[in-house]
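Sequential numbering of the sequence shown, starting at 2, is according to our numbering.
Glycine included, every Cβ here is placed at the ideal spot set by N, Cα and C.
Single-structure report; data block below.
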Amino acid sequence: MKDLSQTQLGIVYALGAYLLWGIAPIYFKYLEFIPVYEVLAHRVIWSVVFIAIVITFMGAWRKALVVLKTPKNILFLTCTSLLITVNWSIFIWAINDGRMLEASLGYFINPLINVLLGLIFLNESLSRVKWIAVSLALLGVLIQVVQVGSLPWVSLVLPITFGFYGLLRKKIKIEALIGLFFETLLVLPVALYYLFFVAQGQNANMLNNNWSLNLCLMFAGLVTATPLIFFAQAALRLKLSTLGFFQYLAPSMMFLMAVFIYGEVLSLARVITFIFIWAGILLFAGENKLKKWL
2 MKDLSQTQLG IVYALGAYLL WGIAPIYFKY LEFIPVYEVL AHRVIWSVVF
52 IAIVITFMGA WRKALVVLKT PKNILFLTCT SLLITVNWSI FIWAINDGRM
102 LEASLGYFIN PLINVLLGLI FLNESLSRVK WIAVSLALLG VLIQVVQVGS
152 LPWVSLVLPI TFGFYGLLRK KIKIEALIGL FFETLLVLPV ALYYLFFVAQ
202 GQNANMLNNN WSLNLCLMFA GLVTATPLIF FAQAALRLKL STLGFFQYLA
252 PSMMFLMAVF IYGEVLSLAR VITFIFIWAG ILLFAGENKL KKWL
């Protein structure tokens, strides 16, 4: 009974994490009148503040500071900090530039990118089914290139940066929240400098904003850290295969919002690309059942 309740709690946390990731574009879309790098700066600054409060509440500062005793950790965290910053900036720009469908496609591709990175850098082998799944995804991207005449770079850069981010985080094995704290802390000086000395937007100076807008900007810390906290709690309670089942919830929500709420055009080329990506995902996710049938 105890195990069952823990599993149920894990499912609640997983749903919470991916639902929050799924609706995050609404928040960034609301802030589209603010320049991308200003939003990014606020995301970094308030993430540091919010996570510091959480670490204090958990009494985990000693555990956090131990991370800094290993030079390898600092090097890897510097790299992951740069990767996640690039990922965030492109994601925010894509949402505000009417490219939510491209962002959605990117996060559908992400699990397949992870498979390729595991093959190349972790010496993991691919089954025949996984090779077919990856090939279908690549074919979908090629169709987009032929039809549109250019690479869907947003749909590629987002999963590649996040894939390498996950690969490096796997190498150092630091708790998700503590790792994110140091990653945002590393770019905090740049974020503060940009906001106070470079940003020219009319809302850059928070003293000139009304309290509701400032609260909304500060909310960026919650938007960033809360789903990660939920995800970490879910990972403690669920099997990896069970957790993986939820990973398509967020991009599916983004896809539906892009088409039915924000009116992005679902062209024939995009439809075909999504069909190939989804076919690859179905093969990837249903490999074990497929083997039983065969």
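When only Cα atoms are considered, Ser90 and Ser6 end up about 38 Å apart.
Where Pro228 is concerned, the enclosing alpha helix (DSSP H) starts and stops at Ala221 to Arg238. For Leu123, the three-state secondary structure derived from DSSP is coil. DSSP, read as helix, strand or coil, puts Ser268 in coil. Taken in chain order, the whole alpha helix (DSSP H) runs of length 4 or more contained in the region 136–187 are 154–173. In this chain, the alpha helix (DSSP H) harbouring Ile85 covers Pro72 to Asn97. Phe256 is a Cβ neighbour of Ser105, given a cutoff of 8 Å. Within the same chain, Cβ atoms closer than 8 Å to the Cβ of Leu21 are found at Val224, Thr227, Pro228 and Phe231, the five residues on either side in sequence being excluded. When rounded, the separation of the alpha-carbon atoms in Ile121 and Val67 is 31 Å. Residue range Leu250 to Phe261 is occupied by the alpha helix (DSSP H) that includes Leu250. About 19 Å separates the beta carbon of Leu169 from that of Phe92, a gap too long to meet the 8 Å contact definition.
Between Tyr14 and Ala251, the C-beta gap is not smaller than 8 Å, which leaves the two residues out of contact.
The C-beta distance from Ala138 to Leu159 rounds to 14 Å, too long to meet the 8 Å contact threshold. Nearest Cα to Leu218 within the set Ile12, Gly119 and Arg44: Arg44.
In the structure shown, Ala65 falls within a helical segment according to DSSP collapsed to helix, strand and coil.
Secondary structure note for Phe247: it is in no alpha helix (DSSP H), with a DSSP letter that is neither H nor E. Excluding residues up to 5 positions away in sequence, Ile56, Ile179 and Phe182 lie with their Cβ nearer than 7 Å to the Cβ of Ala65 in the same chain. Residue environment analysis places Arg63 among the exposed positions, since fewer than 16 neighbouring C-beta atoms fall within 10 angstroms of its C-beta. Remark: fewer than three beta-carbon pairs, one from each stretch, lie closer than 8 Å, so the region 265–272 and the region 120–135 are not flagged as touching. Assigned with DSSP and collapsed to three states, Arg129 falls in helix. Distance between Gly222 and Ile46, taken at the CA atoms: about 8 Å. Per DSSP, reduced to three states, the secondary structure at Arg100 is coil, with no helix or strand assignment.
Asn209 counts as exposed, since fewer than 16 other beta carbons sit within 10 angstroms of its beta carbon. If the five residues before and after Ile133 are omitted, its C-beta is found closer than 8 Å to the C-beta atoms of Gly281 and Leu284, all from its own chain and listed in chain order.
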